[in-house]
Amino acid sequence: MKEYINTGNKDTRSGFGAGLLEAGKMDPNVVALCADLVGSLKMDAFAAEFPDRFYECGIAEANMIGLSAGLALSGKIPFAGSFASFATGRVYDQIRQAVAYSHTNVKICASHAGITLGEDGATHQIMEDIGLMRMLPGLTVINPCDYNQTKAATIAIAKHNGPVYLRFGRPSVPNFTPENQSFEIGKAIKLADGNDVTIIATGHLVWEAIQAGIELEKAGISADILNIHTIKPLDKNAVLESASRTKAVVIAEEHLIAGGLGEAVSDFLSGNYPVFTEHVAVDDRFGQSGEPSELMKAYNLGSADIIKAVQRVLSKK
Numbered sequence: 079m080k081e082y083i084n085t086g087n088k089d090t091r092s093g094f095g096a097g098l099l100e101a102g103k104m105d106p107n108v109v110a111l112c113a114d115l116v117g118s119l120k121m122d123a124f125a126a127e128f129p130d131r132f133y134e135c136g137i138a139e140a141n142m143i144g145l146s147a148g149l150a151l152s153g154k155i156p157f158a159g160s161f162a163s164f165a166t167g168r169v170y171d172q173i174r175q176a177v178a179y180s181h182t183n184v185k186i187c188a189s190h191a192g193i194t195l196g197e198d199g200a201t202h203q204i205m206e207d208i209g210l211m212r213m214l215p216g217l218t219v220i221n222p223c224d225y226n227q228t229k230a231a232t233i234a235i236a237k238h239n240g241p242v243y244l245r246f247g248r249p250s251v252p253n254f255t256p257e258n259q260s261f262e263i264g265k266a267i268k269l270a271d272g273n274d275v276t277i278i279a280t281g282h283l284v285w286e287a288i289q290a291g292i293e294l295e296k297a298g299i300s301a302d303i304l305n306i307h308t309i310k311p312l313d314k315n316a317v318l319e320s321a322s323r324t325k326a327v328v329i330a331e332e333h334l335i336a337g338g339l340g341e342a343v344s345d346f347l348s349g350n351y352p353v354f355t356e357h358v359a360v361d362d363r364f365g366q367s368g369e370p371s372e373l374m375k376a377y378n379l380g381s382a383d384i385i386k387a388v389q390r391v392l393s394k395k
């Protein structure tokens, strides 16, 4: 299995901040809006560099989405930032009507997603956001895995014409993808070649999938590992190619089983190449307050849990 080196833990929200600043330098039409969370979303560098292109909307997320849609209709490329809980659940109606239905070129950028938000607890630990966003027609959903990939994704969506949901997080996680990578929306990245099982992962669980693959290889099990950074549109060709060879699939994500990547993959495979699948995700539970590492363990979202899921799915082949 190919070796992936962690060059140092970094938070993906900082990758977003760096990418936003770069996108702003590349295109004068890029503007940024925030709902009183500039520091938390690392949008301060953009605000300092381009004060006339930054809009502080205050704690008024619905207004921020409406303003973003208006700016998009005037030819701007708005990046609207808030916590994932507020950027999706609180303003779902505005996103549905003003962004998705109207197909405005708005980039909804959501930090502090999933269980690894940590101590803020269940009210802020949204784990249904991917499901909410991927159900909206025409809306692209992206969930990068580390700092470098989040930076690259942010730059890429500025060039993409259409509404996008970009999901990232607060905790520092391993940074292992190439520094100056080219990010292709809708194109999965194969991290390892194997014939026994396919591990499909997204976001923070991509690194966990790599660690699981290393341990599985020691046990004589070869895993095909896919980094699905774009959940919608799903790279169906990559999923089908791998699943048709291994005939066993494990999907890992920091999200509820319902509505997430696992559901998207299972739905596609059931109609095209039915195989046994297992899910490493949160099963019908809200979050709770705790350290991110503690919560990952409590909710069974680590590399050891991926290994157990692989063992279960292989027993069914």
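Take 79 as the starting number for the sequence shown in my numbering and just add one per residue.
Beta carbons are placed, not taken as given, at the ideal position from N, Cα and C, and that holds for glycine.
Residue i vs residue j beta-carbon contact at 7 Å
{"i": "LEU339", "j": "THR255", "result": "no"}
{"i": "ILE193", "j": "ALA165", "result": "no"}
{"i": "LYS314", "j": "PHE346", "result": "yes"}
{"i": "VAL353", "j": "ALA321", "result": "yes"}
{"i": "LYS88", "j": "SER348", "result": "no"}
{"i": "GLU139", "j": "ARG168", "result": "yes"}
{"i": "ASN253", "j": "TYR225", "result": "yes"}
{"i": "CYS112", "j": "GLY144", "result": "no"}
{"i": "THR308", "j": "GLY93", "result": "no"}
{"i": "ARG323", "j": "ASN258", "result": "no"}
{"i": "LEU195", "j": "ARG245", "result": "no"}
{"i": "VAL328", "j": "VAL391", "result": "yes"}
{"i": "PHE261", "j": "ALA301", "result": "no"}
{"i": "GLY95", "j": "ALA126", "result": "no"}
{"i": "ILE267", "j": "ASN305", "result": "yes"}
{"i": "ALA101", "j": "VAL108", "result": "yes"}
{"i": "LYS310", "j": "ARG212", "result": "yes"}
Segment limits, beta strand (DSSP E) that includes residue i
{"i": "ALA279", "result": "275-279"}
{"i": "PRO156", "result": "155-161"}
{"i": "SER189", "result": "185-189"}
{"i": "GLU331", "result": "326-334"}
{"i": "LEU304", "result": "301-305"}
DSSP state of residue i mapped onto helix, strand, coil
{"i": "PHE346", "result": "helix"}
{"i": "ALA390", "result": "It is worth fixing the name first, because residue 390 is Arg in this sequence and not Ala. Three-state result, ARG390: helix."}
{"i": "ASP313", "result": "coil"}
{"i": "GLY95", "result": "helix"}
{"i": "ALA165", "result": "helix"}
{"i": "PHE364", "result": "coil"}
{"i": "ARG248", "result": "coil"}
{"i": "ASP105", "result": "coil"}
{"i": "LEU283", "result": "helix"}
{"i": "PHE254", "result": "coil"}
{"i": "TYR243", "result": "strand"}
{"i": "LYS296", "result": "helix"}
{"i": "PHE354", "result": "strand"}
{"i": "THR228", "result": "helix"}
{"i": "LYS397", "result": "No statement about residue 397 is possible, as the shown extent of the chain runs from 79 to 395 and does not include it."}
{"i": "LYS375", "result": "helix"}
{"i": "ALA200", "result": "coil"}
{"i": "THR308", "result": "strand"}
{"i": "ALA113", "result": "coil"}
Contacting residues, own chain, Cβ-Cβ under 6 Å from residue i (five flanking each side not counted)
{"i": "MET374", "result": "GLY380"}
{"i": "ILE299", "result": "ASP274"}
{"i": "GLY97", "result": "LYS229, THR232 and ILE233"}
{"i": "PRO370", "result": "THR194, GLY196 and PRO249"}
{"i": "PRO222", "result": "THR228, ALA231 and HIS307"}
Contact belief for residue i with residue j at Cβ below 8 Å, rounded distance in angstroms
{"i": "ALA387", "j": "GLU341", "result": "ALA387 to GLU341, Cβ: 16 Å. No contact."}
{"i": "LEU119", "j": "MET205", "result": "In fact, because the Cβ distance is near 19 Å, the residues do not count as touching under 8 Å."}
{"i": "THR218", "j": "ILE263", "result": "6 Å"}
{"i": "ALA330", "j": "ILE384", "result": "5 Å"}
{"i": "ARG207", "j": "ALA191", "result": "Correcting the residue identity first, residue 207 is Asp in this sequence and not Arg. Sure, about 6 Å apart at Cβ, within 8 Å."}
{"i": "SER189", "j": "ALA150", "result": "About 21 Å; that fails the 8 Å criterion."}
{"i": "ILE278", "j": "ALA290", "result": "Wrong, their Cβ atoms sit about 12 Å apart, outside the cutoff."}
Where the alpha helix (DSSP H) containing residue i begins and where it ends
{"i": "TYR133", "result": "Note, TYR133: premise wrong, no alpha helix (DSSP H); beta strand (DSSP E) at 132-134."}
{"i": "LYS207", "result": "The amino acid occupying residue 207 in the given sequence is Asp; Lys does not appear at that position. Looking at the DSSP string, the run of the alpha helix (DSSP H) that includes ASP207 is 207-212."}
{"i": "THR218", "result": "Per DSSP, THR218 belongs to no alpha helix (DSSP H); it is in the beta strand (DSSP E), 218-220."}
{"i": "ILE143", "result": "139-151"}
{"i": "ALA270", "result": "Not the alpha helix (DSSP H): ALA270 falls in the beta strand (DSSP E), residues 267-270."}
{"i": "PHE128", "result": "Taken as a continuous stretch (DSSP letters only), PHE128 belongs to no alpha helix (DSSP H), as it is neither H nor E."}
Contact set for residue i: own chain, Cβ-Cβ below 7 Å, skip 5 residues either direction
{"i": "ASN141", "result": "CYS135"}
{"i": "ILE288", "result": "TYR82, LEU269 and ILE303"}
{"i": "GLU295", "result": "MET79"}
{"i": "ASP105", "result": "ILE155 and ALA236"}
{"i": "PRO215", "result": "ALA178"}
{"i": "TYR351", "result": "LEU318, ALA321 and SER322"}
{"i": "ALA147", "result": "ALA176, VAL177, SER180, THR182 and VAL184"}
{"i": "GLY86", "result": "ASN253"}
{"i": "ASP361", "result": "ILE335"}
{"i": "PHE364", "result": "ALA200"}
Neighbourhood of residue i by C-beta, 8 Å cutoff - its chain only, sequence neighbours within 5 removed
{"i": "LEU210", "result": "THR166, GLY167, TYR170 and GLY337"}
{"i": "GLY368", "result": "GLY196, GLU197 and ALA376"}
Chain B contact for residue i (CB, 7 Å cutoff)
{"i": "ASN107", "result": "Included in the structure is just one protein chain, with no chain B present."}
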